[in-house]
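J.: The following block contains the structure, expressed as structure tokens.
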Amino acid sequence: MPQTVKGVIARAKGAPVELVDIVVPDPGPGEAVVAVQACGVCHTDLHYREGGINDDFPFLLGHEAAGVVEAVGEGVTNVAPGDFVILNWRAVCGQCRACRKGKPWYCFATHNATQKMTLAEDGTELTPALGIGAFIEKTLVAAGQCTKVDPDADPAAVGLLGCGVMAGFGAMVNTGGVGLGDTAAVIGCGGVGNAAIAGARIAGATTVVAVDVDDRKLEQARALGATHTVNAKVMDAVEAVKQLTGGFGADVVVDAVGRPETYRQAFDMRDLAGTVVLVGVPTPDMTVELPLLEVFGRGGSLKSSWYGDCLPERDFPMLVDLYRQGRFDLDAFVSERIGIDDVEEAFEKMHAGDVLRSVVVL
């Protein structure tokens, strides 16, 4: 039978979020109901609330989540009731041209649950954030959005792999290809940028430079693996990175901000044959101008990274294992644990730069 549970919605653009009753249907073919244990408060959720994604209100917010599968629909074989899972927003189809080429992390036909969760008050259909909607006691997702991991892991920590941490780690490791002995730089040291820093350290980079304008974030970056920090508000970030890398520039530079000025900095602070990775999300009106001779003359590559070019079934279990071994400090990303009715306050803290991640614990 359908269940009525509590969840957090954004009813209209810019309006404070609300905790309301939501009807979750039984899982249909290819679907699963997951009892959410923890869900991080991500900038993307705030973008949804502000109408920055689309205007398909009301939104059921939350997507960086972990929990336990409660029920599955017909044909589901990858997970079963009782499995501890991390939710992802790219359930691959296995049939599109990217999947057929053996590159499912580029899947062009990712999918979500077919059925809709609804408001208990009047039956209005909800749009779940990134096809997940996890600021809720139980959520309905496509079974392919569930990745089974070590059940002894802390849900509040490993749930963050569902979006921001995976995006940053993957941008550096999967997209950027950082390796043993490389030098790396990261512009923007929020959750995504710090995950990129941790990724560079784990992959064996010898020099990892964190660039930001907030000393609090730079301190966190050093704790997560940065060997050097640069406050771009008080010094020339490009020159500082070059000085810290023997005068050459970094082998891999990740722009976790996504603005024309930070992208140009990333372009200028990379070494010959180096790689620039854009993982920060720009707005539709932003443009960048680059000297074409420099694009040609420096060689290397300019890349963008969507969800860290990850394959959840490959990457999530591996990163959870690194966490359990003490090699990837996911706990450091959890600034505070909050209740489901504290999301609006968490948005304010995030906007002020006071936290890496507030995590709703259910």
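With full-length UniProt numbering applied, the sequence shown corresponds to residues 1 to 362, in that order.
For each residue, glycine too, the CB sits at the ideal point set by N, CA and C.
(1) Which two residues bound the contiguous beta strand (DSSP E) that contains Gly191?
(2) So the candidates are Ala232, Glu261, Glu348 and Ala184; which of them puts its Cα closest to the Cα of Asp271?
(3) I need the straight-line Cα distance from residue 364 to Arg327, nearest angstrom please.
(4) Along the beta strand (DSSP E) that carries Phe108, what are the first and last residues, could you check?
(5) According to the Cβ coordinates, are Lys101 and Gln3 closer than 9 Å?
(6) Please confirm if the segment 155-163 is in contact with the segment 319-333, defined as three or more CB-CB distances below 8 Å between the two stretches.
(7) Can you tell me whether Ala113 is buried or exposed, with buried defined as 16 or more other CB within 10 angstroms of its CB?
(8) Scan the segment 299-357 and note each continuous alpha helix (DSSP H) run of 4 residues or more that stays entirely inside, going in chain order.
(9) Rounded to a whole number of angstroms, what is the C-alpha to C-alpha distance between His43 and Gly51?
(10) Just the Cα atoms here: how many angstroms apart are Leu292 and Ser301?
(11) Does His228 come out as helix, strand or coil in the three-state DSSP assignment?
(12) Is the segment 80-89 in contact with the segment 117-126, if contact means three or more CB pairs nearer than 8 Å?
(13) Residues in its own chain within less than 6 Å of Phe248 by CB, not counting five upstream and five downstream?
(14) What does DSSP give as the partner residues of Ile86 in its beta bridges?
(15) Between Ala143 and Ser305, which are expected to be in contact by the criterion C-beta below 8 Å, what is the C-beta distance as a whole number of angstroms?
(16) Considering only DSSP beta bridges, list what Glu18 is partnered with.
(17) May I ask you to list the residues that DSSP assigns as paired with Phe59?
(18) Check Cys93 in the structure and name its three-state DSSP category.
(19) Excluding the five sequence neighbours on either side, which residues of its own chain have a C-beta within less than 8 Å of the C-beta of Cys311, listed in chain order?
(20) How do the segment 234-241 and the segment 255-275 stand: do at least 3 beta-carbon pairs fall below 8 Å, yes or no?
(21) Measuring CB to CB, does Val355 end up less than 9 Å from Ile340?
(22) Quick one: is Phe296 buried, meaning 16 or more other Cβ sit within 10 Å of its Cβ, or exposed?
(23) Is DSSP giving Leu140 helix, strand or coil here?
(24) Using a Cβ-Cβ cutoff of less than 6 Å, which residues in the same chain neighbour Leu322 once the five nearest sequence positions on both sides are dropped?
(25) Take Gly75 and list the residues in its own chain whose beta-carbon comes closer than 7 Å to its own, dropping the five residues that flank it on each side.
(26) Does the distance from the CB of Ala35 to the CB of Glu64 come in under 9 Å?
(27) Answer yes or no: do Val20 and Val8 have a C-beta to C-beta separation smaller than 9 Å?
(28) Return the residue from the list His111, Thr124 and Glu125 that minimises the CA-CA distance to Gly131.
(29) On a CA-only basis, which of Phe169, Leu224, Pro282 and Asp315 is nearest Val253? Give me that one, please.
(30) Below 7 Å CB to CB, which residues in the same chain sit around Val208 once its five sequence neighbours on both sides are set aside?
(31) Please go through the same chain and pick out, in chain order, the residues whose beta-carbon is closer than 7 Å to the beta-carbon of Lys233, but skip the five residues on each side of it.
(32) Taking 9 Å as the cut-off, decide whether the C-beta atoms of Val230 and Val211 are in contact.
(33) Drop a sphere of 10 angstroms on the beta-carbon of Thr275, count the other beta-carbons inside from all chains shown, and report buried for 16 or more, exposed for fewer.
(34) Per DSSP, what are the beta-bridge partners of Arg270 in this structure?
(35) Would you kindly work out how many angstroms separate the C-alpha atoms of Leu140 and Lys217, rounded to a whole number?
(36) Check whether the Cβ atoms of Val178 and Ala205 sit closer than 9 Å, and answer yes or no.
T.: Short version:
(1) Along the sequence shown, one-based indexing puts residue 191 at 191. Here Gly191 belongs to no beta strand (DSSP E); instead the alpha helix (DSSP H) covers Gly191 to Ala203.
(2) Along the sequence shown, one-based indexing puts residue 271 at 271. Nearest option by C-alpha distance: Ala184.
(3) This structure cannot settle anything about residue 364, because the visible part of the chain is limited to 1 through 362.
(4) Translated into positions along the sequence shown, residue 108 becomes position 108. Going by DSSP, Phe108 is part of no beta strand (DSSP E) at all; its letter is neither H nor E.
(5) For the purposes of this step, residue 101 is identified with residue 101 of the sequence shown, where counting begins at 1. For the purposes of this step, residue 3 is identified with residue 3 of the sequence shown, where counting begins at 1. Not a contact, by the Cβ cut-off of 9 Å.
(6) yes
(7) Mapped onto the sequence shown, residue 113 falls at position 113. Counting Cβ neighbours within 10 Å, Ala113 comes out buried, since at least 16 surround it.
(8) 312-324 and 343-351
(9) Translated into positions along the sequence shown, residue 43 becomes position 43. Translated into positions along the sequence shown, residue 51 becomes position 51. Each residue's alpha carbon lies about 12 Å from the other.
(10) Position 292 of the sequence shown, counting from 1, holds the residue named residue 292. Position 301 of the sequence shown, counting from 1, holds the residue named residue 301. Rounded to the nearest angstrom, the two C-alpha atoms are 13 Å apart.
(11) Mapped onto the sequence shown, residue 228 falls at position 228. The answer is strand: DSSP assigns His228 an E or B state.
(12) no
(13) Working through the sequence shown from its first residue, we reach residue 248 at position 248. Only Asp271 meet the Cβ criterion.
(14) Translated into the one-based positions of the sequence shown, residue 86 becomes position 86. According to DSSP, which records beta bridges pairwise, Ile86 is partnered with Ala66 and Thr147.
(15) Within the sequence shown, the letter at position 143 stands for residue 143. Within the sequence shown, the letter at position 305 stands for residue 305. Not quite, the Cβ-Cβ distance comes to about 26 Å (not below 8 Å), so this is no contact.
(16) Working through the sequence shown from its first residue, we reach residue 18 at position 18. DSSP lists Ile9 as partners of Glu18.
(17) One-based indexing of the sequence shown puts residue 59 at position 59. Paired residues: Ala10 and Thr127.
(18) By 1-based counting over the sequence shown, the position of residue 93 is 93. It is coil, neither helix nor strand.
(19) In the sequence shown, the residue the question calls residue 311 occupies position 311. First, the residue type needs correcting, since residue 311 is Leu and not Cys in the sequence shown. Once the five neighbours on either side are set aside, the close Cβ partners of Leu311 are Val92, Pro104 and Trp105.
(20) yes
(21) Taking the sequence shown and counting its residues from 1, the one referred to as residue 355 is at position 355. Taking the sequence shown and counting its residues from 1, the one referred to as residue 340 is at position 340. It is not a contact, given that the beta carbons lie outside the stated cut-off.
(22) Residue 296 sits at position 296 when you count from the first residue of the sequence shown. Looking at its Cβ environment, which holds fewer than 16 other Cβ atoms inside 10 Å, Phe296 is exposed.
(23) Numbered from 1 along the sequence shown, position 140 holds the residue referred to as residue 140. Strand, per DSSP.
(24) Locating residue 322 in the sequence shown gives position 322, counting from the first residue. Within the same chain, Phe328 come within 6 Å of Leu322 by CB-CB distance, once the 5 residues on both sides are set aside.
(25) Looking up residue 75 in the sequence shown gives position 75. Hits under 7 Å: Pro29 and Gly30.
(26) The residue given as residue 35 occupies position 35 in the sequence shown. The residue given as residue 64 occupies position 64 in the sequence shown. Result no, Cβ atoms of Ala35 and Glu64 do not sit closer than 9 Å.
(27) Within the sequence shown, the letter at position 20 stands for residue 20. Within the sequence shown, the letter at position 8 stands for residue 8. Yes; because the gap between Cβ atoms is below 9 Å, this pair is in contact.
(28) Taking the sequence shown and counting its residues from 1, one reaches residue 131 at position 131. For Gly131, the nearest C-alpha among the options comes from His111.
(29) As a first step, residue 253 is located in the sequence shown; it is residue number 253 there, counting from the start. If we check each option's Cα against that of Val253, Phe169 comes out closest.
(30) Here residue 208 refers to the residue found at position 208 of the sequence shown. So the list reads Ala184, Ile197, Ala200, Arg201, Gly225, Ala226 and Thr227, once near-sequence residues are dropped.
(31) Here residue 233 corresponds to residue number 233 of the sequence shown, with the count starting at 1. Within the same chain, Lys233 has close Cβ partners Val213.
(32) Taking the sequence shown and counting its residues from 1, one reaches residue 230 at position 230. Taking the sequence shown and counting its residues from 1, one reaches residue 211 at position 211. Yes, these two residues count as a Cβ contact at 9 Å.
(33) One-based indexing of the sequence shown puts residue 275 at position 275. Its Cβ being crowded by 16 or more others within 10 Å, Thr275 is buried.
(34) Residue 270 sits at position 270 when you count from the first residue of the sequence shown. The partner list for Arg270 (beta bridge, DSSP) reads Ala250.
(35) The residue you call residue 140 lines up with position 140 of the sequence shown. The residue you call residue 217 lines up with position 217 of the sequence shown. Straight-line Cα distance between these residues: approximately 35 Å.
(36) For the purposes of this step, residue 178 is identified with residue 178 of the sequence shown, where counting begins at 1. For the purposes of this step, residue 205 is identified with residue 205 of the sequence shown, where counting begins at 1. Result yes, Cβ atoms of Val178 and Ala205 sit closer than 9 Å.
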